[in-house]
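Participant: Please find one structure pasted underneath; my questions will follow.
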């Protein structure tokens with residue numbers, strides 16, 4: 046058996062902010078993917094994946110049936126037969142490894158599922174997001190449900206606020222010098238501890254004000270600039286956002302990247318931002334000149350994900 050492929054995602058803008066109702070923009074990233082599989086000779090990784098699916102089945106069986114009902118018997122029997130999630134998506138990298146698994150399970154085992162072919166009204170998108178939030182909470186403690194939503198639909202998602210999300214189109218890629226890229230920090234990040242640092246900081250009034258007056262303001266502006274193709278303004282706002290993150294989200298940036306982050310702001314050769322919750326994994330970069338950025342970051346492997 047081999048199920049359909051589900052892709053990784055990149056949250057271009059909105060990390061942490063969407064917890065407090067900022068805008069967000071999430072796009073599918075087809076470089077990585079995963080699928081449910083069974084194999085005659087499972088590898089060590091497959092056996093490990095199968096073990097964690099066993100725990101996951103018990104969790105899914107207990108989800109409120111008013112939200113979603115699964116064909117638990119078939120799922121249990123497939124897992125007992127050694128089914129696992131075969132994935133090239135790196136875990137702890139902020140590109141949605143658990144999101145793709147959640148999407149694959151929902152697609153195969155949910156009863157009365159909402160399909161990609163339907164007219165995806167806002168109500169249906171919110172219903173899917175609520176289901177996925179509940180399903181993914183098993184992995185992160187608290188999930189917005191956006192990663193699996195993106196993986197399941199494989200289209201860009203615009204988050205206007207918690208209760209207002211829509212499928213969106215993004216401007217076609219250009220052959221210019223500008224680019225969005227990923228840098229591999231070489232460290233696995235864990236979402237839960239990063240989110241708890243954030244929640245702890247939210248208890249301070251100064252941090253809450255900064256989030257509203259600076260972080261969310263620049264995030265919202267970046268989303269609008271990106272969607273409208275206003276590149277000059279996008280880079281201005283991305284620089285401001287990068288600065289706010291360096292000043293106020295230091296624990297989420299791996300230590301060896303603090304200087305590199307600052308160098309980008311000082312030289313304007315690139316601007317860095319968190320990709321997902323931070324703490325490791327990928328770091329997202331924006332540059333008006335990808336060749337310059339590559340020279341400046343020559344010690345790191347850059348993966349271009351979008352060209353301006």
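Numbering (the numbering used here), first residue to last: 46 to 353. Positions of the beta carbon are idealized from the N, C-alpha and C atoms, including for glycine. Quantities reported herein were computed from a predicted structural model and do not represent experimental measurements.
Are the beta-carbon atoms belonging to residue 154 and residue 120 less than 8 Å from one another?
Facilitator: Yes, Cβ-Cβ distance for residue 154 and residue 120 is below 8 Å.
Participant: Once you ignore the five residues that flank residue 264 on each side, which residues in its own chain have a CB closer than 7 Å to its CB?
Facilitator: Answer for residue 264: 58, 59, 62, 67, 68, 286, listed in chain order.
Participant: I need the boundaries of the beta strand (DSSP E) containing residue 350, first residue and last residue.
Facilitator: First-last of the beta strand (DSSP E) with residue 350: 347–352.
Participant: Could you check whether residue 242 and residue 193 sit closer than 8 Å to each other, using their CB atoms as the reference points?
Facilitator: No, the Cβ-Cβ distance between residue 193 and residue 242 is not below 8 Å.
Participant: Could you name the residues of the same chain whose beta carbon sits closer than 6 Å to that of residue 95, not counting the 5 residues immediately before and after it, in chain order?
Facilitator: The answer, listed in chain order, is 127, 129.
Participant: So if DSSP puts residue 329 in a beta bridge, which residue, or which two residues, is it bridged to?
Facilitator: DSSP, once it has assigned bridges, lists 227, 318 as partnering residue 329.
Participant: I'd like to confirm the pairing. Which residues does DSSP put opposite residue 53 in its beta bridges?
Facilitator: The partner list for residue 53 (beta bridge, DSSP) reads 74.
Participant: If you compare alpha carbons, which of 135, 292, 70, 50 is closest to residue 273?
Facilitator: The residue with the shortest Cα to Cα distance from residue 273 is 70.
Participant: For a quick check, are the C-beta atoms of residue 309 and residue 316 less than 8 Å apart?
Facilitator: Yes.
Participant: How far does the beta strand (DSSP E) with residue 203 in it extend, from its first residue to its last?
Facilitator: Run containing residue 203: 202–206, per the beta strand (DSSP E) assignment.
Participant: Hey, is residue 330's beta-carbon within less than 8 Å of any beta-carbon in chain C?
Facilitator: Annotation note: the requested chain C is absent from the structure, which comprises a single protein chain.
Participant: Are the beta-carbon atoms of residue 183 and residue 77 separated by less than 8 Å?
Facilitator: Result no, Cβ atoms of residue 183 and residue 77 do not sit closer than 8 Å.
Participant: Taking C-alpha atoms, which residue in 51, 123, 330, 89 lies nearest to residue 314?
Facilitator: Closest option to residue 314, Cα to Cα, is 330.
Participant: To the nearest angstrom, how far is the alpha carbon of residue 224 from that of residue 277?
Facilitator: Residue 224 and residue 277: Cα-Cα distance of roughly 13 Å.
Participant: Once the 5 residues before and after residue 246 are set aside, which same chain residues still bring their CB inside 6 Å of it?
Facilitator: Hits under 6 Å: 252.
Participant: How many angstroms separate the CA atom of residue 163 from the CA atom of residue 169?
Facilitator: One C-alpha to the other measures close to 9 Å.
Participant: Take residue 219 as the anchor and find which of 351, 207, 173 has the nearest alpha-carbon.
Facilitator: Among 351, 207, 173, the Cα nearest to that of residue 219 is on 351.
Participant: Taking only the alpha-carbon atoms, compute the straight-line gap between residue 206 and residue 84 and give it to the nearest angstrom.
Facilitator: Those two C-alpha atoms are separated by around 42 Å.
Participant: I'd like to check one pair, residue 149 with residue 79: are the Cβ atoms closer than 8 Å?
Facilitator: The answer is yes: Cβ separation under 8 Å.
Participant: At 3 residues or longer, and completely inside the stretch 94–181: list those beta strand (DSSP E) runs for me, N to C.
Facilitator: Counting only runs of 3 or more, we get 129–132.
Participant: Counting C-beta neighbours from all protein chains within 10 Å, is the total for residue 141 16 or more, i.e. buried, or is it exposed?
Facilitator: With 16 or more other Cβ atoms within 10 Å, it is buried.
Participant: Measure the alpha-carbon distance for residue 307 versus residue 88 and round it to whole angstroms.
Facilitator: Roughly 43 Å separates the two Cα atoms.
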